[in-house]
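In this text, residue positions in the sequence shown follow numbering that gives the first Met the number 0: the first is 0, and each later residue adds one. Everything below concerns the one structure shown next.
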Amino acid sequence: MALLQGTSLNQRLVQARRTLLSAAILNGASVAVGMALVVAVMYAALGMAAASNASVGTIIALISDTPRARRGKFSHLLAAPLLGLPLFLAVQLLRGHPVELGLLLVPATFLAFLSTAWGRAGMPVAAAVMFAMLLAMAPQPASSLQEALLRTAWCACGAFLYVLYATASNALLNGRYRTQTMASVLLSVAALMRTHAGRFTRVPADSAQADDPRAVGDVLQRQAALAEQLQAARDLILESPSTPRRQRLAGMLIVVLELRDRLIAGELDIERLQAIQPAALAPLAATLDTMADEVAALADAMLLGRTPEPASDHRAALQALRDRAEALAAANPHDDEILERAALVRSVCVRVGDEDAAVRQLTARPGASRRPSCRLFGAAGSCSSVRPTGPSSRCWACGTGASRRCAMRCARRWPSAPATRWHACCPGVRATTGCC
């Protein structure tokens with residue numbers, strides 16, 4: 000009992016450490032410092048009334064301040080103030096007219112919440128618009144048009160100062176944001192791998208209970224969360240991979256994309272795996288759990304700034320499972336059930352072997368004497384670490400001026416390489432280059 004409590008406490012401490020070192024905490028600290036600075040500057044320059052109204056503008060602007068790519072950060076932050084400030088002024092002017100104020104608030108609220116249909120990009124704007132109207136009703140009504148305009152000017156000044164601060168802080172912390180975002184993606188991949196391993200051994204034998212809604216729901220929830228994280232990480236990590244460190248992160252992201260695809264494809268075998276005893280799949284589940292722990296350890300090392308340990312090589316164990324299944328099939332050539340089970344075990348072992356190769360590529364250490372090249376870049380830090388027909392044979396140089404030349408060079412060197420999906424994450428590399 001004491002051992003279980005100690006393990007649970009250790010897991011909570013590890014989770015707390017990951018949360019404290021995440022991009023959300025760092026971004027929140029940056030937002031808090033920025034708001035304090037803007038309010039302090041306005042108070043020192045114009046007094047308490049200006050500082051209080053500037054704090055409203057700061058709140059309107061800071062809601063959209065999230066870790067993003069440096070390009071387009073300024074325009075992204077301007078969207079909320081441009082929509083919120085006119086409503087802030089309109090609410091002050093209509094404070095003495097309840098009917099007109101209601102006619103303004105109802106459609107404005109409807110349109111604000113309608114913008115949440117854009118997902119993560121629209122929610123901050125909707126919240127900023129709501130806060131602008133709500134906080135405009137907090138002070139006493141303005142006694143004149145001049146006072147309402149003055150309050151709005153102070154509010155706009157606070158919002159503009161914070162937009163400048165947020166743009167500068169995002170550029171300063173961009174490198175750390177990249178590492179933290181990649182670590183968060185790796186932790187989500189590790190969680191998905193553990194869920195997939197658990198389904199190997201916990202699938203019920205009874206076909207009436209085969210589709211467990213809770214198990215399927217957990218898998219879908221983790222896949223959706225990972226897809227959302229990859230969408231955000233794509234814009235941040237793949238922006239200007241011009242340094243060796245950025246190139247390594249870009250290569251890791253490509254490997255993670257392939258690893259995610261293989262995990263999703265592995266779900267197609269679950270129904271056929273129901274006919275096999277869970278004990279026969281226990282070694283595969285243990286292998287996946289070990290790989291998940293190694294991916295999580297890699298994420299922790301990235302958050303702590305440490306050099307990760309190389310992942311274990313599971314090729315021998317997987318080959319032993321395949322040999323055992325093939326030997327059993329050879330001994331029973333007329334037993335269709337055994338033949339089908341052996342074929343399925345071989346298929347799953349091949350897929351898990353590909354996942355094992357991806358994990359080993361993620362944790363491979365870059366060579367100190369190797370120079371980065373604008374060709375193919377894997378997680379190990381050089382072109383020599385990438386197999387021409389492997390899952391990472393993708394041009395990473397998206398968003399750069401050399402992307403087309405890089406894609407053409409890849410296509411000419413390996414014309415038989417499998418088709419890739421760079422068009423999904425890199426609009427700069429066109430299908431006409433031969434890389435997509």
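Ideal placement from N, C-alpha and C gives every residue a C-beta, glycine not left out.
Nearest-angstrom Cα separation, counted from residue j out to residue i
| i | j | result |
| --- | --- | --- |
| Ser-448 | Ala-342 | Missing from the structure shown is residue 448; the chain here goes from 0 to 435 and no further. |
| Leu-297 | Thr-362 | 7 Å |
| Ala-319 | Arg-67 | 46 Å |
| Glu-336 | Leu-327 | 11 Å |
| Ala-357 | Gly-118 | 31 Å |
| Asp-64 | Leu-267 | 39 Å |
| Phe-112 | Gly-352 | 46 Å |
| Ala-436 | Gln-145 | Lying outside 0 to 435, the shown extent of the chain, residue 436 is not represented and no answer is given. |
| Ala-116 | Ala-126 | 13 Å |
| Ser-21 | Ala-224 | 16 Å |
| Ala-284 | Val-188 | 15 Å |
| Glu-238 | Arg-245 | 9 Å |
| Gly-101 | Gly-95 | 11 Å |
| Pro-85 | Leu-103 | 12 Å |
| Arg-340 | Thr-200 | 15 Å |
| Ala-152 | Leu-76 | 18 Å |
| Leu-81 | Phe-159 | 10 Å |
| Val-38 | Ser-51 | 8 Å |
| Val-436 | Pro-97 | What is shown of the chain runs 0 to 435, which leaves residue 436 out entirely. |
| Gly-121 | Val-254 | 30 Å |
| Phe-109 | Ala-15 | 38 Å |
| Ala-43 | Leu-36 | 10 Å |
| Glu-293 | Leu-302 | 14 Å |
| Arg-261 | Leu-186 | 17 Å |
| Leu-134 | Gly-46 | 19 Å |
Three-state class that DSSP yields for residue i in the structure shown
| i | result |
| --- | --- |
| Asp-234 | helix |
| Thr-306 | coil |
| Asn-9 | helix |
| Leu-144 | helix |
| Asp-334 | coil |
| Pro-198 | Looking at the sequence provided, one finds Arg at residue 198 rather than Pro. Arg-198: helix per DSSP, three-state reduction. |
| Leu-103 | helix |
| Ile-437 | Missing from the structure shown is residue 437; the chain here goes from 0 to 435 and no further. |
| Pro-66 | coil |
| Ser-311 | coil |
| Arg-193 | helix |
| Leu-20 | coil |
| Ser-114 | helix |
| Ser-187 | helix |
| Thr-242 | coil |
| His-75 | helix |
| Gly-174 | helix |
| Leu-36 | helix |
| Leu-93 | coil |
| Gly-352 | helix |
| Gly-83 | helix |
| Gly-265 | helix |
| Ala-15 | helix |
| Ala-43 | helix |
| Ala-50 | helix |
Own chain partners of residue i with C-beta closer than 6 Å, once the 5 adjacent residues on each side are dropped
| i | result |
| --- | --- |
| Gly-304 | none |
| Pro-307 | Leu-297, Ala-300, Thr-362 |
| Met-129 | Ala-111 |
| Cys-348 | Leu-317, Leu-320, Arg-321 |
| Pro-390 | Because Pro-390 carries a pLDDT of 36, less than 50, the predicted location of this residue cannot be relied on, and the following value inherits that uncertainty. The answer, listed in chain order, is Glu-257. |
| Ser-168 | Ser-29 |
| Met-132 | Leu-86, Val-90 |
| Ala-141 | Gln-91, Ala-147 |
Proximal residues to residue i (C-beta, below 7 Å), its chain only, five neighbours per side dropped
| i | result |
| --- | --- |
| Val-13 | none |
| Ile-263 | Gln-222 |
| Ala-281 | Thr-200 |
| Asp-312 | Arg-359 |
| Asn-331 | Ile-337 |
Contacts around residue i, its chain only, beta-carbon distance under 8 Å, and the 5 residues preceding and following it disregarded
| i | result |
| --- | --- |
| Ala-78 | Ser-63, Val-124 |
| Cys-156 | Met-41, Ala-49, Ala-53, Gly-56 |
| Ala-190 | Arg-221, Ala-291 |
| Thr-180 | Ala-22, Pro-66, Gln-228, Ala-231, Ala-232, Leu-235, Ile-236 |
Cβ-heavy atom distance, residue i to the ligand PLP, below 7 Å
| i | result |
| --- | --- |
| Leu-133 | Among the components modelled here there is no ligand, and therefore nothing to report on the ligand PLP. |
Contact with chain C by residue i, beta-carbon distance below 8 Å
| i | result |
| --- | --- |
| Ala-264 | Among the chains in the structure shown there is no chain C, since it carries only a single protein chain. |
Count the CB pairs spanning the segment 63-72 and the segment 221-235 that are closer than 8 Å, and state whether there are at least three.
yes
Run through the segment 121-165 for me and flag every whole alpha helix (DSSP H) of 4 or more residues, listed as ranges in chain order.
122-135
Could you tell me whether the segment 141-156 touches the segment 72-92, using the rule of 3 or more Cβ pairs below 8 Å?
yes
contact_flag[the segment 193-202, the segment 163-171] where n(CB pairs < 8 Å) is 3 or more
no
So does the segment 25-37 actually touch the segment 165-182, counting three or more Cβ pairs closer than 8 Å?
Yes, since at least three Cβ pairs between the segment 25-37 and the segment 165-182 fall closer than 8 Å, the two stretches touch.
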